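Numbered per our numbering, the sequence shown spans residues 5 to 568. Notes follow the structure.
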Amino acid sequence: MGPDEEPVPLQGYGEQDRQRHHDADGGVATLKLEIAVKSHESTRIAAASGRSLAAILILGVMCGMGSAAGQGVLRARSGGRPDTASTSTRPATVLLITAEELAAAWAPFAKWKTRGGKATRIVTCEQIASQYEASSIQEKIRSCVRDHIDHHGTRWVVLGGDCLPDGGGLVPGGHTTVHRKERRGIPTDIVYLSASSWDADGDGVLGEWKDDRKSISYPDGSVGLGRIPVRTKEDVAAFTEKVIAYESRYPETDFATRMIYTCTDQRAFAKVRRSWVDHVAKKWAGEVGRFFSSETPWDEDGKPGSHELNADNVVALFNAKTTGKMHLHGHGHLDQWILERSRFTGEEVARLKNDGAYPLITTVSCNTGEYDNLRDPSIVETMLRAPKAGSVAIVAPIRTGKMHLHQRSDFRRMVNEGLLDGTTQTMTRYWENGLGDGLTTGEALMKSKGAMTADARKNASYHLCICELNLLGDPTLDMRQKAPRTPKLSVPRAISTGHQTIEVKTDAPGSTVCLWKGSEIYVVATADERGRVTSKIGPSSAGDVLVTVSGASLNTATGTIRVR
Numbered sequence: 005m006g007p008d009e010e011p012v013p014l015q016g017y018g019e020q021d022r023q024r025h026h027d028a029d030g031g032v033a034t035l036k037l038e039i040a041v042k043s044h045e046s047t048r049i050a051a052a053s054g055r056s057l058a059a060i061l062i063l064g065v066m067c068g069m070g071s072a073a074g075q076g077v078l079r080a081r082s083g084g085r086p087d088t089a090s091t092s093t094r095p096a097t098v099l100l101i102t103a104e105e106l107a108a109a110w111a112p113f114a115k116w117k118t119r120g121g122k123a124t125r126i127v128t129c130e131q132i133a134s135q136y137e138a139s140s141i142q143e144k145i146r147s148c149v150r151d152h153i154d155h156h157g158t159r160w161v162v163l164g165g166d167c168l169p170d171g172g173g174l175v176p177g178g179h180t181t182v183h184r185k186e187r188r189g190i191p192t193d194i195v196y197l198s199a200s201s202w203d204a205d206g207d208g209v210l211g212e213w214k215d216d217r218k219s220i221s222y223p224d225g226s227v228g229l230g231r232i233p234v235r236t237k238e239d240v241a242a243f244t245e246k247v248i249a250y251e252s253r254y255p256e257t258d259f260a261t262r263m264i265y266t267c268t269d270q271r272a273f274a275k276v277r278r279s280w281v282d283h284v285a286k287k288w289a290g291e292v293g294r295f296f297s298s299e300t301p302w303d304e305d306g307k308p309g310s311h312e313l314n315a316d317n318v319v320a321l322f323n324a325k326t327t328g329k330m331h332l333h334g335h336g337h338l339d340q341w342i343l344e345r346s347r348f349t350g351e352e353v354a355r356l357k358n359d360g361a362y363p364l365i366t367t368v369s370c371n372t373g374e375y376d377n378l379r380d381p382s383i384v385e386t387m388l389r390a391p392k393a394g395s396v397a398i399v400a401p402i403r404t405g406k407m408h409l410h411q412r413s414d415f416r417r418m419v420n421e422g423l424l425d426g427t428t429q430t431m432t433r434y435w436e437n438g439l440g441d442g443l444t445t446g447e448a449l450m451k452s453k454g455a456m457t458a459d460a461r462k463n464a465s466y467h468l469c470i471c472e473l474n475l476l477g478d479p480t481l482d483m484r485q486k487a488p489r490t491p492k493l494s495v496p497r498a499i500s501t502g503h504q505t506i507e508v509k510t511d512a513p514g515s516t517v518c519l520w521k522g523s524e525i526y527v528v529a530t531a532d533e534r535g536r537v538t539s540k541i542g543p544s545s546a547g548d549v550l551v552t553v554s555g556a557s558l559n560t561a562t563g564t565i566r567v568r
């Protein structure tokens, strides 16, 4: 079924299905996967410790420049959570969960984020499997995530790897949500953020919409979540390079303030228009263009729709580097977006030359974000993995990108009046939260999901909507409300070892300033109204203190202070 086809009446489970899923209401169930997990010897990653001084966070032992940001060994205890009392107390602002085989490849990404003030800790699934107590790898990952949110200051969670069906792959998907519209189930990554078990009746079957509702909790935007569905070290390197470009070399033009809505389905024209006019435009002063099959900004005079929404023209749109936000509305398959008489596939991605100008994207197209398919990659994965091309963050459905409506009569209202269905509403709120309220990509989508909580409590279809839409990409990214600028940075050229006070000067009040020297110094502070940060530091050896200035609508600026 396409994204805007009229829904068919829902069919109930057969008796065998009911017995298997224990789902008496025929709604949604999340199956608990009992997957055997191998015990691995604990692997030490960089130790860390720290303390807080007023508004300045001075963290002690950090990762060295040659290793990923990290935490000491976590040793499991009987309560299911590792005993961290004897390990570092420094925050892990970003928790990056990956497979052991990709951990080293993620080190440059972790160092870049840490240098910018988002201290990043890499933990492998193998470590989690051996150090947390639970019946499945998914529950162990959830325990790890909650441990870090509750005890280590984590604000963003990155799932740094692809997954396969039934909990396989590099980073397993969350517990599988089953719905009458999705019989084969979908991995539900938001379960990893949940403080509750999704198993109120204790029967071992998680997320039964009727029986477990009391223990199902949804994200609220306080923690951002995203999956970067890479498979190889080369994928990680290519993605990291694009993220660094996005945060430090983003075009200082109107690229940030231009958005394009594409749509090939006439039945969706009304709601796509209203998404902008009634919602996003009221919170963001950007410029929108409608690249519909019936009208485009580039049509010939008197010939609406003459500029076709085809693959060649979409490639040209990317390569022009003029549009920093896109919403792609229409049909799709795993490896393609379906356009007017053409398809946008991996062949088109190979033709992209948008190095350094990576748009943020949302799409409702069926299966385009299916990161657990054996037939890898999906078109979204292709866009994320492409070196020096494509995108760094895409919100997409993992299955059919279907509408979610409260009642059948809402379908006619959607077509005729532009009523927003659940999927379009989620995408719209994502843009509102990021561009209007200044949230990062991951925070914006999680807050969008949280806003649908009341609907999900009343309607199993809306619960499915919350579960099936994912941010694929980096959840820590500023969504670029306006064209960024590169701040000026002034620091002492050289200092001596020992305890002292230094001043960092910028022209960016309110920006984040980070000072980092291996395991000796880690300071994160907010510049005052004059753009100044004064900090007490105590370098004990010669070398360089890395200084970084970053923030909303800023391209990251870096400098060094030589310690003699």
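Glycine included, C-beta positions come from ideal geometry on N, C-alpha and C. Computed from a prediction, not measured in an experiment: that's the story for all the values here.
Spatial neighbours of residue i in its chain, beta-carbon cut-off 8 Å, leaving aside the 5 residues before and after
i    : result
R536 : E507, V508, K509, T510
T530 : A59, G514, S515, T516, V517, V537
L476 : G230, R231, I232, P233, G373, Y375, V384, E385, L388, A397, I398, V399, A400
G173 : G165, D166, C167, D376
Candidates the options: closest to residue i by CA position
i    : options                : result
Y250 : R355, A109, E143, S395 : S395
G514 : V553, K540, G542, S494 : V553
T257 : R489, P496, R568, S539 : R489
V195 : P176, G206, Q485       : P176
T445 : W288, P479, G426       : P479
N474 : V162, A123, T118       : V162
T118 : T102, C267, V551, T367 : V551
P308 : R294, F259, N317       : R294
I365 : L378, H333, P95, S382  : H333
A285 : T236, A556, N437, N420 : N437
R568 : V495, L197, T501       : T501
R433 : A393, L313, P255, V276 : V276
Alpha-carbon to alpha-carbon, residue j and residue i
i    : j    : result
V353 : T372 : 14 Å
I541 : W520 : 10 Å
T584 : K357 : This structure gives no information on residue 584, because the portion of the chain shown stretches from 5 to 568.
D193 : H467 : 13 Å
W110 : R125 : 10 Å
L409 : G522 : 53 Å
G440 : W202 : 32 Å
A89  : H156 : Residue confidence is low: A89 scores 29 on pLDDT, short of 50, so the model does not pin down where it sits. No coordinate-derived value is stated.
T261 : V98  : 28 Å
I62  : S544 : For I62, the predicted structure reports a pLDDT of 31, less than 50, and the residue's modelled location is therefore unreliable. A value from the coordinates is still provided. Each residue's Cα considered, the two are about 15 Å apart.
G208 : I190 : 18 Å
A103 : K451 : 28 Å
E447 : E304 : 41 Å
E344 : G306 : 20 Å
E351 : A390 : 11 Å
S338 : L378 : Note that residue 338 is Leu in the sequence shown here, rather than Ser. Rounded to whole angstroms, L338 to L378 spans 11 Å at the Cα level.
S382 : S539 : 47 Å
T236 : C129 : 16 Å
D425 : S139 : 37 Å
D459 : S147 : 27 Å
Sequence-distant residues of its chain with Cβ nearer than 6 Å to residue i (five each side left out)
i    : result
A204 : D216, K218, S219
F322 : L356, N358
R278 : G422
C370 : G336, T404, G405
A561 : T490, P491, L493, V553
C471 : T181, T192
E105 : none
Residue range of the unbroken alpha helix (DSSP H) whose run includes residue i
i    : result
I525 : Not the alpha helix (DSSP H): I525 falls in the beta strand (DSSP E), residues 525 to 530.
W520 : Not the alpha helix (DSSP H): W520 falls in the beta strand (DSSP E), residues 516 to 521.
D548 : It is not in any alpha helix (DSSP H) - D548 instead sits in the beta strand (DSSP E) that spans 547 to 554.
W116 : 111 to 119
A320 : 315 to 323
L106 : 104 to 107
H333 : Careful: H333 lies outside any alpha helix (DSSP H), inside the beta strand (DSSP E) at 329 to 333.
Q145 : According to the sequence displayed, residue 145 carries Ile and not Gln. Taken as a continuous stretch (DSSP letters only), the alpha helix (DSSP H) holding I145 covers 141 to 155.
Own chain partners of residue i with C-beta closer than 7 Å, once the 5 adjacent residues on each side are dropped
i    : result
P112 : T244
R566 : R497, A498, D548
Q340 : R347, F348, T349, I383
Residue i, enclosing beta strand (DSSP E) - first and last residue
i    : result
E507 : 504 to 510
R125 : 124 to 128
R566 : 561 to 567
S539 : 536 to 541
R489 : No beta strand (DSSP E) holds R489; DSSP gives it neither H nor E.
R217 : Run containing R217: none; DSSP gives neither H nor E here.
- What runs of the beta strand (DSSP E), each 3 residues or longer, lie entirely inside the stretch 240 to 310? 262 to 267, 291 to 296
- Task: Please list the segments of the beta strand (DSSP E) lying wholly inside the stretch 351 to 436, counting only runs of 3 or more residues, in order along the chain.
- Result: Scanning the stretch 351 to 436 from its first residue to its last, the whole beta strand (DSSP E) runs of 3-plus residues come out as 364 to 367, 397 to 401.
- Task: List in chain order: all unbroken alpha helix (DSSP H) runs of 4+ residues lying wholly within the stretch 444 to 487.
- Result: 445 to 454, 457 to 462, 464 to 472
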